[in-house]
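Q: Numbering (the UniProt record's numbering), first residue to last: 1 to 402.
Yeah, the Cβ is synthetic: ideal placement off N, Cα and C, and Gly gets one too.
Every value quoted in this text rests on a predicted model; they were computed, and no experiment measured them.
A single structure is presented below for examination.
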């Protein structure tokens, strides 16, 4: 662990957020002497972010907790293009109305985790469509284009990946890195922004923004990335076999959100407590020392604390109560997902409809393996009709059929 003078870098470092920095010494000195406005960008491709974005949101929370100003940049403009980083194919193009609805949905989670307002350290949410839609093509070519070379752009992983696999990369997507770099310039002009943060896959885009800011504005700015967040078994965080773990309630019930954290790998508990909760490090160290079956108590603390931050205290308490009723008492808690069945619906269909499995084939396989029960009775025929009762897949997934 490095020795930093600023509260910001000390906190980020000790909780495990830091992967790379463009100039650690310069950023540390700046953060020690003044308020640093910093931003992270989020594309509005869905009405909710998933937990893969939660570490970035928590970074903005840490920024504010240490006396600095978080800027949430919504990519209303860049969402029209789509970030090619880490992707094998083009994103679906969204219309303006859908993007606006998505931004409204995404804002709700930020309002729980950040304090918005007009004060010097209050968070603000801005939309890059405000300037990108006003940027003339000739102006862009003349003012920004000279600072980029095609040679350098072709060297970025997001471009090389597509070309090496002989997959198409549209001219539209090729321009994404230019527009994202320009965001940093514009945020500096409008809000005095000095820091861009993001995941490690954004390092190239961040460096582009820093270099463009220096060339166009002669402004000293900084970049910081987090490590690629994976679970202990190597899976990229954010999705399960049943689909994405969404941050917003309409996309994922609070009980399922709570259960995700309750069921994480034992090896991930301490790391996730540092990244995703506000618990003191001393308390996290105590929980980390638990062994054997006692680690389940730490997992419940993790599930409660993360759900409390993202969904609210009431949602957290209700989810824990439902889990207690379901597992400890063998009952059917109030927060369990509910599915209205039809006369034609099979048990395998019900599992798929509930999102417990990713495909119909997996659903049938789980039933045939004897992993499914209704009110305690094991069902082994995938074509068996669904009936009212509590359906369980293994020991961790439960719902009510009505």
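1) Is the region 41 to 54 touching the region 207 to 223, taking contact as three or more C-beta pairs under 8 angstroms?
2) Comparing C-alpha positions only, which one of 207, 135, 66, 202 sits nearest to residue 186?
3) Of the residues 288, 308, 72, 351, which one's Cα is nearest the Cα of residue 258?
4) Are there 16 or more other CB atoms within 10 angstroms of the CB of residue 297, so buried, or fewer, so exposed?
5) State the start and end residues of the unbroken alpha helix (DSSP H) segment that holds residue 270.
6) Measuring straight from C-alpha to C-alpha, what distance separates residue 349 and residue 360?
7) Where does residue 208 fall in DSSP's three states?
8) Need the endpoints of the beta strand (DSSP E) that residue 400 sits in, please.
9) To which residues does DSSP link residue 116 through a beta bridge?
10) Over the uninterrupted alpha helix (DSSP H) stretch that includes residue 322, give me the two end residues.
11) Got a sec, what are the start and stop residues for the beta strand (DSSP E) residue 42 sits in?
12) So which of 287, 204, 267 has the shortest CA-CA distance to residue 160?
13) Of all the options 228, 22, 71, 198, which has the alpha carbon lying nearest to the alpha carbon of residue 113?
14) Do three or more CB pairs link the region 30 to 50 to the region 259 to 268 at distances below 8 angstroms?
15) Enumerated in chain order, which unbroken segments of the beta strand (DSSP E) with a length of 3 residues or greater are wholly contained in the region 145 to 224?
16) Tell me the rounded alpha-carbon separation between residue 363 and residue 369.
17) Taking the C-alpha atoms as reference points, what is the distance between residue 16 and residue 227?
18) Tell me, which residues are paired with residue 378 by DSSP?
19) Straight-line CA distance for residue 106 to residue 323?
20) Spatial neighbours of residue 378 within its chain, please: CB distance less than 8 angstroms, with the 5 preceding and 5 following residues excluded, ordered by chain position.
21) Report the three-state DSSP secondary structure of residue 301 (helix, strand or coil).
22) Measuring alpha carbon to alpha carbon, tell me which residue in 127, 121, 8 is nearest residue 104.
23) What whole-angstrom Cβ distance do residue 294 and residue 270 have, given they're in contact under 8 angstroms?
24) For residue 175 versus residue 47, is the C-beta distance shorter than 8 angstroms?
25) Would you kindly work out how many angstroms separate the C-alpha atoms of residue 268 and residue 118, rounded to a whole number?
26) My assumption, with CB atoms under 8 angstroms, is that residue 382 sits in contact with residue 401. Please give the rounded CB distance.
A: The short version:
1) no
2) Taking the first residue of the chain shown as position 1, residue 186 is located at position 186. The option with the nearest alpha carbon to residue 186 is 135.
3) As a first step, residue 258 must be located in the chain shown, where it is residue number 258. Measuring from the Cα of residue 258, the nearest candidate turns out to be 308.
4) Indexing the chain shown from 1 puts residue 297 at position 297. Exposed: under 16 other Cβ atoms inside 10 Å.
5) Counting from 1 along the chain shown, the entry for residue 270 is found at position 270. Its alpha helix (DSSP H) spans residues 269 to 276.
6) Position 349 of the chain shown, counted from the start, is the residue given in the question as residue 349. Position 360 of the chain shown, counted from the start, is the residue given in the question as residue 360. For residue 349 and residue 360, the distance between alpha carbons rounds to 7 angstroms.
7) Counting from 1 along the chain shown, the entry for residue 208 is found at position 208. Three-state DSSP puts residue 208 in a helix.
8) On the chain shown, position 400 is the one that residue 400 refers to. Per DSSP, residue 400 belongs to the beta strand (DSSP E) from 397 to 401.
9) The residue you call residue 116 lines up with position 116 of the chain shown. Per DSSP, 123.
10) Your numbering for residue 322 matches position 322 in the chain shown. Residues 313 to 323.
11) Here residue 42 refers to the residue found at position 42 when the chain shown is read from its first residue. Unbroken beta strand (DSSP E) run through residue 42: 37 to 42.
12) Against the chain shown, residue 160 aligns to sequence position 160. Checking every option, the nearest Cα to that of residue 160 belongs to 204.
13) In the chain shown, counting from the first residue as 1, residue 113 sits at position 113. Checked all of 228, 22, 71, 198; the closest Cα to residue 113 is 71.
14) no
15) 195 to 199
16) Taking the first residue of the chain shown as position 1, residue 363 is located at position 363. Taking the first residue of the chain shown as position 1, residue 369 is located at position 369. When rounded, the distance between both Cα atoms is 10 angstroms.
17) Here residue 16 refers to the residue found at position 16 when the chain shown is read from its first residue. Here residue 227 refers to the residue found at position 227 when the chain shown is read from its first residue. Each residue's Cα considered, the two are about 8 angstroms apart.
18) The count along the chain shown starts at 1 and reaches residue 378 at position 378. In the DSSP output, where bridge partners are listed per residue, residue 378 has 373.
19) As a position in the chain shown, residue 106 is number 106, starting the count at 1. As a position in the chain shown, residue 323 is number 323, starting the count at 1. So the alpha carbons of these two residues sit roughly 27 angstroms apart.
20) One-based indexing of the chain shown puts residue 378 at position 378. If we look at residue 378 and ignore the five residues flanking it on each side, its Cβ neighbours are 370, 372.
21) The residue you call residue 301 lines up with position 301 of the chain shown. Residue 301: helix per DSSP, three-state reduction.
22) Residue 104 sits at position 104 when you count from the first residue of the chain shown. The shortest Cα separation from residue 104 among 127, 121, 8 belongs to 127.
23) Here the question's residue 294 lines up with position 294 in the chain shown. Here the question's residue 270 lines up with position 270 in the chain shown. Their Cβ separation, rounded to whole angstroms, is 13 angstroms, which puts residue 294 and residue 270 out of contact at 8 angstroms.
24) If you number the chain shown from 1, residue 175 lands on position 175. If you number the chain shown from 1, residue 47 lands on position 47. Going by C-beta atoms, residue 175 is not nearer than 8 angstroms to residue 47.
25) In the chain shown, residue 268 corresponds to position 268, counting from 1. In the chain shown, residue 118 corresponds to position 118, counting from 1. For residue 268 and residue 118, the distance between alpha carbons rounds to 38 angstroms.
26) To locate residue 382, count along the chain shown from 1; it is residue 382. To locate residue 401, count along the chain shown from 1; it is residue 401. 16 angstroms between Cβ atoms; not a contact.
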